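J.:
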Amino acid sequence: AGKTKEAQYFYSLICPPMLRIFTLFLLAIAPLRNEQYALAPLVPATMELQGIDVSHYQKVIDWDMVAEKQALDFAFVKATEGHEYRDSLFCRNWDNLRRLGIRRGAYHFFRAYGCGDEQARNFLTTVEMEPGDIAPVLDLEVTDGIDPEVMVEEARIWLDIVESNLGIRPIIYTNQFFYERYLAGRFEHYPLWIAHYTKAAQPDVPPPWTRALVWQYAASAPGFEGRVDGVPGLVDRNRLFGSLDDLRVQR
143 AGKTKEAQYF YSLICPPMLR IFTLFLLAIA PLRNEQYALA PLVPATMELQ
193 GIDVSHYQKV IDWDMVAEKQ ALDFAFVKAT EGHEYRDSLF CRNWDNLRRL
243 GIRRGAYHFF RAYGCGDEQA RNFLTTVEME PGDIAPVLDL EVTDGIDPEV
293 MVEEARIWLD IVESNLGIRP IIYTNQFFYE RYLAGRFEHY PLWIAHYTKA
343 AQPDVPPPWT RALVWQYAAS APGFEGRVDG VPGLVDRNRL FGSLDDLRVQ
393 R
């Protein structure tokens, strides 16, 4: 406030009348401008990154061709399933992504009949996460005939163990039908990766989420077949909204 009074006095001595009036006008509207910007901060446009997710079903992938022919920002690789299964091509896919500098993430296919702690150990002993890798993913899409409450509780155990070991919150992969029927109200504080095949510009997202972090928009569904040079047959394609830096493993 003292500096403002000194400035007004200085201008009253040396400035012409019109300039003095203009200066006082700027001083008067400054609080209004500050309030306007405080209420409406500048928000950067959301980035949209392109990626795929793969498993042994895609067979042997020519990752060099994939990197050469497509602008691929990231890839998720199936690592494990249940309490003991390990994807036969995980190591090959995982190592090639690192070699080519493609940001990589690993996912676990959850089996409802298995214990969450055993499945978490299977994932953690299979996947060697490095700083910069994408947060781990829990794939929830089958009940295996088990009570959904049991499935949810065991899935929560997996999530807690993996997060405490890696220091980052995992991503939940599911589809809208499965979420609304079995998972609603359970995992809303986790990032969402949704499978939804539509011609719309955005996927339908189950509330209370307002948008998905990752959208699987193409796979093997008729009319939404995913194809990428270097990958035999069909492949799941994804869009990630935001920055991969928000999902990187730190340790």
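Counted the way my numbering counts, the sequence shown spans residues 143 to 393.
Yeah, the Cβ is synthetic: ideal placement off N, Cα and C, and Gly gets one too.
Computed from a predicted structure; not experimentally measured.
1. Under the DSSP definition of a beta bridge, which residues are partnered with F216?
2. From the DSSP output, in three-state form, read off T222 for me.
3. Looking only at its own chain, which residues have a Cβ that is under 8 angstroms from the Cβ of I299, when we skip the five neighbours before and after it?
4. Using the Cα positions of L214 and N380, report the straight-line distance between them to the nearest angstrom.
5. DSSP three-state label for R390, please.
6. What are the complete alpha helix (DSSP H) segments, minimum 4 residues, inside the stretch 289-323?
7. For G309, which option in A337, M271, V294 and K341 has the closest C-alpha, if you only look at C-alpha atoms?
8. Give the DSSP-derived three-state secondary structure of L231 in the structure shown.
9. Who are the Cβ neighbours of R390 in its own chain at under 6 angstroms, not counting the five residues just before and after it?
10. Taking D266 as part of the alpha helix (DSSP H), name the residues at either end of that continuous run.
11. Please tell me whether R234 and D286 are closer than 8 angstroms, where the distance is taken between their beta carbons.
12. With distances taken Cα to Cα, identify the nearest neighbour of G224 among W357, L266, K211 and P333.
13. For V202, which residues from the same chain have a beta carbon less than 8 angstroms from its beta carbon, with the 5 sequence-adjacent residues on both sides left out?
14. Near V294, which residues of its chain fall below 6 angstroms by C-beta distance, leaving aside the five closest residues on each side in sequence?
15. Quick check: the Cα distance between T316 and Y339, rounded to an integer number of angstroms?
16. Is the beta carbon of Q358 sitting closer than 8 angstroms to the one on D371?
17. Could you name the residues of the same chain whose beta carbon sits closer than 7 angstroms to that of V208, not counting the 5 residues immediately before and after it, in chain order?
18. Once you ignore the five residues that flank P345 on each side, which residues in its own chain have a CB closer than 6 angstroms to its CB?
19. Does DSSP classify E344 as helix, strand or coil?
20. In the DSSP assignment, the beta strand (DSSP E) including V356 goes from what residue to what residue?
21. Using a 10 Å radius around the Cβ and a threshold of 16 neighbouring Cβ atoms, would you call R245 buried or exposed?
22. Using 7 angstroms as the cut-off, classify the Cβ of F216 as near or not near the heavy atoms of the ligand NAD, replying yes or no.
23. Suppose the cutoff is 7 angstroms on Cβ atoms and the five residues either side in sequence are ignored; what does the same chain contact list for E226 look like?
24. N238 bridges to which residues according to DSSP?
25. Which residues bound the alpha helix (DSSP H) around A209?
26. Considering only the alpha carbon of each residue, which of A361, V219 and I314 lies closest to P348?
27. Please report the straight-line C-alpha distance between K92 and I303, rounded to a whole angstrom.
T.: According to the data block:
1. Per DSSP, G193 and R245.
2. Annotated three-state conformation of T222 is strand, per DSSP.
3. Beyond the five residues adjoining it in sequence on each side, I299 comes within less than 8 angstroms, by CB distance, of C257, G258, D259 and A262 in the same chain, given in chain order.
4. Whole-angstrom Cα-Cα distance: 10 angstroms.
5. Here R390 sits in strand by DSSP.
6. Complete alpha helix (DSSP H) runs here, min 4: 290-308.
7. Sorting A337, M271, V294 and K341 by C-alpha distance to the C-alpha of G309 places M271 at the top.
8. Coil.
9. The beta carbon of R390 is closer than 6 angstroms to those of G274 in its chain, skipping five residues each way along the sequence.
10. According to the sequence displayed, residue 266 carries Leu and not Asp. Note, L266: alpha helix (DSSP H), G258 to T268.
11. For R234 and D286, no; Cβs fall outside 8 angstroms.
12. Among W357, L266, K211 and P333, the Cα nearest to that of G224 is on L266.
13. So the list reads L231, R234 and P374, once near-sequence residues are dropped.
14. R328.
15. Those two C-alpha atoms are separated by around 13 angstroms.
16. Not closer than 8 angstroms, so no.
17. The answer, listed in chain order, is L214, V370, D371, G372 and V373.
18. Excluding positions up to five away in sequence, the list reads I336, H338, A354 and W357.
19. Sequence check: residue 344 is Gln here, not Glu. Note: Q344 maps to coil in three-state DSSP.
20. Here the beta strand (DSSP E) through V356 covers V356 to A360.
21. Buried, since its Cβ has 16 or more Cβ neighbours within 10 Å.
22. Looking at this structure, you won't find the ligand NAD or any other ligand, since it has none at all.
23. So the qualifying residues of the chain are N264.
24. Within the DSSP bridge table, the entry for N238 names no partner.
25. Per DSSP, A209 belongs to the alpha helix (DSSP H) from W205 to K211.
26. Among A361, V219 and I314, the Cα nearest to that of P348 belongs to I314.
27. Lying before the first or after the last residue shown, residue 92 is absent from the chain, which here runs from 143 to 393.
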